[in-house]
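Engineer: To start, I am sharing the structure in question, which I have written as structure tokens.
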Amino acid sequence: MDEFDRSLPYDSGQMEKGLHLMESIIGGRWNPMILFILEQGTRSYAQIKNGIPYISDTELKRKLSALHDSGLIRKSSLAKDRRSSEYLLTAYGERIVHTLHHIMDISCQNCAPL
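Note that our numbering has the sequence shown beginning at 4, numbered continuously upward.
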């Protein structure tokens, strides 16, 4: 995946592409939560579902598929039961989760107490 090169003159096409991808990852309602769950290690569909209250099966399947298509997570079938799958972060997904932690830290530092 191409990295944003800050040393080059401003390229609106490159910036727009990067912002669109960032928005689809961070802006997706359940995406950060799914990524944080997978940061803890390989998880089954049921384990992910149990970690996210109120998400429907349809929505979770859609989110997992989109995260897989984006290259953030990998899906593997279990040897003992091909119908069951496990999900894990890719190296790219790990880098994104690392960045999400920084964003969360900055957000929490600037939040007013409840």
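Built from N, CA and C at the ideal position, the CB exists for glycine as well.
Say whether chain C places a C-beta atom closer than 8 Å to the C-beta of G30.
Structural biologist: As a matter of chain content, chain C is missing from the structure shown, which is built from one protein chain.
Engineer: The alpha helix (DSSP H) with Y90 in it runs from where to where?
Structural biologist: Within the sequence shown, residue 90 is the residue found at index 87, counting from 1. Where Y90 is concerned, there is no enclosing alpha helix (DSSP H), although the beta strand (DSSP E) it sits in stretches over 88 to 92.
Engineer: Please classify I37 as buried or exposed, where buried requires at least 16 other C-beta atoms within 10 Å of its C-beta.
Structural biologist: Position 34 of the sequence shown, counting from 1, holds the residue named residue 37. That one is buried.
Engineer: How long is the line joining the alpha carbons of S110 and S59, rounded to whole angstroms?
Structural biologist: Locating residue 110 in the sequence shown gives position 107, counting from the first residue. Locating residue 59 in the sequence shown gives position 56, counting from the first residue. Going from the Cα of S110 to the Cα of S59 covers about 28 Å.
Engineer: I'd like the list of long-range same chain contacts for L67, defined as Cβ closer than 8 Å, with 5 residues on each side in sequence excluded.
Structural biologist: Within the sequence shown, residue 67 is the residue found at index 64, counting from 1. Excluding sequence neighbours, L67 sits near I37, Y48, I51, I76, K78, Y90.
Engineer: Taking just the CA atoms, how far does D72 sit from H104?
Structural biologist: As a working note, residue 104 is residue 101 in the sequence shown. As a working note, residue 72 is residue 69 in the sequence shown. Whole-angstrom Cα-Cα distance: 22 Å.
Engineer: Cutting at 8 Å between CB atoms, please list the residues of its own chain near T93, excluding the five before and the five after it.
Structural biologist: Here residue 93 refers to the residue found at position 90 when the sequence shown is read from its first residue. Excluding residues within five positions, the ones whose Cβ falls inside 8 Å are G74, L75, I76, R77.
Engineer: Is K52 helix, strand or coil by DSSP?
Structural biologist: Along the sequence shown, one-based indexing puts residue 52 at 49. Helix at K52.
Engineer: Are the CB atoms of I28 and I99 within a distance shorter than 8 Å?
Structural biologist: Taking the first residue of the sequence shown as position 1, residue 99 is located at position 96. Taking the first residue of the sequence shown as position 1, residue 28 is located at position 25. Yes.
Engineer: Is the beta carbon of R32 sitting closer than 8 Å to the one on I40?
Structural biologist: As a position in the sequence shown, residue 32 is number 29, starting the count at 1. As a position in the sequence shown, residue 40 is number 37, starting the count at 1. Cβ atoms of R32 and I40: not closer than 8 Å.
Engineer: Using the three-state DSSP reduction, which class does I76 fall into: helix, strand or coil?
Structural biologist: Within the sequence shown, the letter at position 73 stands for residue 76. Here I76 sits in strand by DSSP.
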